[in-house]
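In what follows, a single structure is set out as structure tokens and then discussed.
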Amino acid sequence: MIKKVLMISTLLLLFMVGITQATDSESNEEKINLQQGMKMSADVSKQAPEFSLRTLEGNEVKLSDYKGKKVIINFWATWCPPCKAEMPAMQKLYERVNGQFDLLAINIDPKNDVAGFVNDNRITFPVLLDESGKINESYSILSVPTTFLVDEKGIIVKKHIGAMTLDQMEEFISY
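Taking mature numbering (1 follows the signal peptide of the UniProt record, and there is no 0), I'd label the letters of the sequence shown as residues -22 to -1, 1 to 153.
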């Protein structure tokens, strides 16, 4: 009887050790995946993730096309009231910087009437469509609008979450 109890106890102990090790290896896998994901995210002082997106006109635009230039990247959506509110200020900023900075607006909801919004608001800077959501993901966008300032080397210098006024945008691009 004692032998049976010892044998069952030993088997239970081995079973529990096996489960614990399996759980730990899954946790380690999850940690590795999270760490790799963090490497891909768009953090200040890190290289801006490369992308290739289409404009409303169907032209391909890559971030690497802007190497050697300062770039403002704004993530936005047509359903987002703060995004819509800041777009006229973005247009004014684009006109004021007059080539000192390039501005790319990445729309995260291209199934909506983005062209109509752009036309109604007389937006002249490039509006790119993130059809798959992959660029939104690679930049770790949790809320729109979110704006990045990228330097000539492709390094993210600043990040701002939320809408900005024209004065705030001008302050944002000064560094």
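Glycine residues also receive a C-beta, built at the ideal position from the N, C-alpha and C atoms.
Bear in mind that the values here come from a model prediction, so they are computed numbers and not experimental data.
Reference residue i, options the options, closest by Cα
{"i": "residue 96", "options": "62, 120, 150", "result": "62"}
{"i": "residue 39", "options": "122, 84, 111", "result": "84"}
{"i": "residue 88", "options": "108, 128, 144", "result": "108"}
Start-to-end residues for the alpha helix (DSSP H) that takes in residue i
{"i": "residue 53", "result": "No alpha helix (DSSP H) contains residue 53, which is instead part of the beta strand (DSSP E) from 48 to 54."}
{"i": "residue 149", "result": "144 to 150"}
{"i": "residue 112", "result": "112 to 116"}
{"i": "residue 29", "result": "First-last for residue 29: undefined, no H or E at that position."}
Opening and closing residue of the beta strand (DSSP E) in which residue i lies
{"i": "residue 76", "result": "Looking at the DSSP string, residue 76 is not in any beta strand (DSSP E), and its letter there is neither H nor E."}
{"i": "residue 128", "result": "124 to 128"}
Own chain residues within Cβ distance below 6 Å of residue i, not counting five before or after
{"i": "residue 81", "result": "50, 72, 103"}
{"i": "residue 137", "result": "22, 126"}
Close beta carbons around residue i, own chain, < 8 Å, minus the five adjacent residues each side
{"i": "residue 134", "result": "20, 21, 22, 23, 24, 25, 26, 126, 127, 128"}
{"i": "residue 141", "result": "60, 61, 63, 64, 123"}
{"i": "residue 144", "result": "67, 70, 71"}
Cβ-Cβ distance between residue i and residue j below 9 Å
{"i": "residue 139", "j": "residue 86", "result": "no"}
(message) So, does the stretch 86 to 94 touch the stretch 18 to 30, judging by three or more C-beta pairs under 8 Å?
(response) With a cut-off of 8 Å, the stretch 18 to 30 and the stretch 86 to 94 do not count as touching, because too few Cβ pairs lie within range.
(request) Could you tell me whether the stretch 69 to 77 touches the stretch 104 to 114, using the rule of 3 or more Cβ pairs below 8 Å? (result) no
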